[in-house]
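Sequential numbering of the sequence shown, starting at 1109, is according to the numbering used here.
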Amino acid sequence: MALLDRDGDAVTGLSAALDPAGAGTALPLRADVDDTDAVHAALRETAAAWHAPDILINNAARTAPGSVWDIEPDEWDAVLTTNLRSVLTLTRLCAPAMRDRGWGRVVNLSSLAGQQGGTLAGAHYSAAKAGVLVLTKVFARELAAHGVTVNAVAPAAVDTPAVAGLGPSAVAEAARQIPVGRMGRPSEVAGLVAYLVGEEGGYVTGATFDINGGTHMR
């Protein structure tokens, strides 16, 4: 497993936790998904260690809470670059090798905000996550005939450091609005992703999976 993060200490720590014996099963890579050259370099390092990825999880995110009326153009661009352009960049870099091998899995982390236009994390975040849902379908159509599935997962609030960073009152309000009465757990999202990247997920592509405690029912 190759782990890509702009926080070098965090990604090194996670790698060590996943591979405590140092067997080389987790590769920490420091790179910012906003930097296309750095992403290219990280993928070259991955290919040198093993080969081009069979599975890609696009999970980079940036939030900037605030009113839609207060968003500056530079901030808008920065949020869309991290949340949306990174999906385009990484999928275009990784999917061709999957297509050539005749097997691959791409899972894009979107959000309930991308479905309903939530404002908690910012209008630009919602717009970017909505774009992820459409881009998922575009890549799914392009790659379906080649054994490569592309799906999206759209969680509501999940108990992560990023959500906690929104502040106690915002977190409490988010949890209050969820019918099951709590935020999601990272393990619950991970379980769904694990299904999608496995052999059992081979007949599922272009889909968006809701995991939101009943907040969005359809």
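Idealized CB from N, CA, C, for every residue including glycine. Note that the structure is predicted; figures quoted are calculated from it, not measured.
Option nearest residue 1175 by Cα separation, candidates 1297, 1128, 1290 and 1229: By 1-based counting over the sequence shown, the position of residue 1175 is 67. Ranking 1297, 1128, 1290 and 1229 by Cα distance to residue 1175 puts 1229 first.
Report all residues from its chain with a CB closer than 8 Å to the CB of residue 1271; omit the five preceding and five following residues, and keep chain order. Stepping through the sequence shown from its first residue, residue 1271 is reached at position 163. Within its own chain, the residues whose Cβ lies closer than 8 Å to the Cβ of residue 1271, once the five positions on either side in sequence are excluded, are 1265, 1279, 1282 and 1291, listed in chain order.
Assess contact between the stretch 1209-1227 and the stretch 1164-1171, defined as three or more Cβ pairs (one per stretch) separated by less than 8 Å. Is contact present? Contact between the stretch 1209-1227 and the stretch 1164-1171 is present, because at least three Cβ pairs lie under 8 Å.
If we count the other Cβ atoms within 10 Å of its Cβ and call it buried at 16 or more, is residue 1126 buried or exposed? Your numbering for residue 1126 matches position 18 in the sequence shown. When all chains shown are included, residue 1126 counts as exposed.
Which residues mark the beginning and the end of the alpha helix (DSSP H) in which residue 1318 is found? As a first step, residue 1318 must be located in the sequence shown, where it is residue number 210. Counted as a single uninterrupted DSSP element, the stretch harbouring residue 1318 is not any alpha helix (DSSP H) but the beta strand (DSSP E) occupying residues 1316-1319.
Contacting residues, own chain, Cβ-Cβ under 8 Å from residue 1119 (five flanking each side not counted): Taking the sequence shown and counting its residues from 1, the one referred to as residue 1119 is at position 11. For residue 1119, where only same-chain residues beyond five positions count, the Cβ hits under 8 Å are 1111, 1112, 1113, 1136, 1137 and 1138.
If you compare alpha carbons, which of 1268, 1240, 1269 and 1197 is closest to residue 1259? Sequence index remark: in the sequence shown, residue 1259 carries index 151 (1-based). Considering only 1268, 1240, 1269 and 1197, the residue with the shortest C-alpha distance to residue 1259 is 1240.
Quick one: using the 10 Å Cβ neighbour count with 16 as the cut-off for buried, is residue 1223 buried or exposed? Within the sequence shown, the letter at position 115 stands for residue 1223. It counts as buried.
In its own chain, which residues sit with a C-beta less than 6 Å from the C-beta of residue 1304, not counting the 5 before and 5 after it? As a first step, residue 1304 must be located in the sequence shown, where it is residue number 196. So the list reads 1215 and 1259, once near-sequence residues are dropped.
Residue 1212, enclosing alpha helix (DSSP H) - first and last residue: On the sequence shown, position 104 is the one that residue 1212 refers to. The continuous stretches of alpha helix (DSSP H) do not include residue 1212, which lies in the beta strand (DSSP E) extending over residues 1212-1217.
Using CA coordinates, which residue listed in 1245, 1128 and 1172 is at the minimum distance from residue 1227? Reading the sequence shown from its first residue, position 119 is the one you call residue 1227. When only C-alpha atoms are compared, the closest one is 1172.
Under 8 Å, do residue 1288 and residue 1321 count as touching if we go by C-beta distance? As a position in the sequence shown, residue 1288 is number 180, starting the count at 1. As a position in the sequence shown, residue 1321 is number 213, starting the count at 1. Between residue 1288 and residue 1321, the gap from beta carbon to beta carbon is short of 8 Å.
C-beta atoms of residue 1123 and residue 1131 nearer than 8 Å: Residue mapping note: residue 1123 aligns to position 15 of the sequence shown, counting from 1. Residue mapping note: residue 1131 aligns to position 23 of the sequence shown, counting from 1. No, Cβ-Cβ distance for residue 1123 and residue 1131 is not below 8 Å.
Cα-Cα separation, residue 1275 to residue 1181: Taking the first residue of the sequence shown as position 1, residue 1275 is located at position 167. Taking the first residue of the sequence shown as position 1, residue 1181 is located at position 73. Annotation: residue 1275 to residue 1181 spans about 24 Å, alpha carbon to alpha carbon.
Nearest candidate by alpha-carbon position, reference residue 1269, set 1294, 1245 and 1194: Taking the first residue of the sequence shown as 1, we reach residue 1269 at position 161. For the residues 1294, 1245 and 1194, the minimum Cα distance to residue 1269 belongs to 1294.
Count the other CB atoms, across all protein chains shown, that sit within 10 Å of the CB of residue 1200; report buried if there are 16 or more and exposed otherwise. The residue given as residue 1200 occupies position 92 in the sequence shown. Flag for residue 1200 reads exposed.
Since residue 1256 contacts residue 1206 with CB under 8 Å, what's their CB separation in whole angstroms? Within the sequence shown, residue 1256 is the residue found at index 148, counting from 1. Within the sequence shown, residue 1206 is the residue found at index 98, counting from 1. With a Cβ gap of about 5 Å, residue 1256 and residue 1206 count as contacting.
As assigned by DSSP and simplified to three states, the class of residue 1326: Counting from 1 along the sequence shown, the entry for residue 1326 is found at position 218. Residue state for residue 1326 is assigned as coil, using DSSP reduced to three classes.
Taking all protein chains shown into account, do 16 or more other C-beta atoms lie within 10 angstroms of the C-beta of residue 1195, making it buried, or fewer, making it exposed? In the sequence shown, counting from the first residue as 1, residue 1195 sits at position 87. By the neighbour-count rule (16 or more Cβ atoms within 10 Å), residue 1195 is buried.
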